[in-house]
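J.: All residue numbers for the sequence shown refer to the numbering used here, where the first residue is 1265 and numbers rise by one. Using N, Cα and C, we set each Cβ at its ideal position, and we do this for glycine too. Because the structure is a prediction, the values reported are computed rather than measured.
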Amino acid sequence: MSAFLYYLAHVRPVYTAKYPGSTVGPISKMISVAWRALSDDEKQPFLDKANADKERYAREMEEWMRMK
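#1: Residues in the same chain with beta-carbon distance under 8 Å from I1295, minus the five sequence neighbours each way, listed in chain order, please.
#2: If you draw a straight line from the alpha carbon of D1305 to that of V1297, how long is it in whole angstroms?
#3: I need the straight-line Cα distance from W1328 to I1291, nearest angstrom please.
#4: Please classify A1267 as buried or exposed, where buried requires at least 16 other C-beta atoms within 10 Å of its C-beta.
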């Protein structure tokens, strides 16, 4: 998953509570604007999660390819 998707999962409940009845499109647009406004330091926890997930995926794929 990308860092943005981790951020999206983290903040979506806040936005859906703040804007009840709003659909996925407008909420996603608001979240993407908020993501772009974050500093590099604010994005770092989500980047770390994405990198850890990428490493996990690579390990799992390597193991799967060996077992084929």
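T.: This is what the structure holds:
#1: Only Y1271, L1272, V1275, R1276 and Y1279 meet the Cβ criterion.
#2: Taking the straight line joining both Cα atoms gives about 17 Å.
#3: Distance between the alpha carbons of W1328 and I1291 is about 37 Å.
#4: So A1267 ends up on the buried side.
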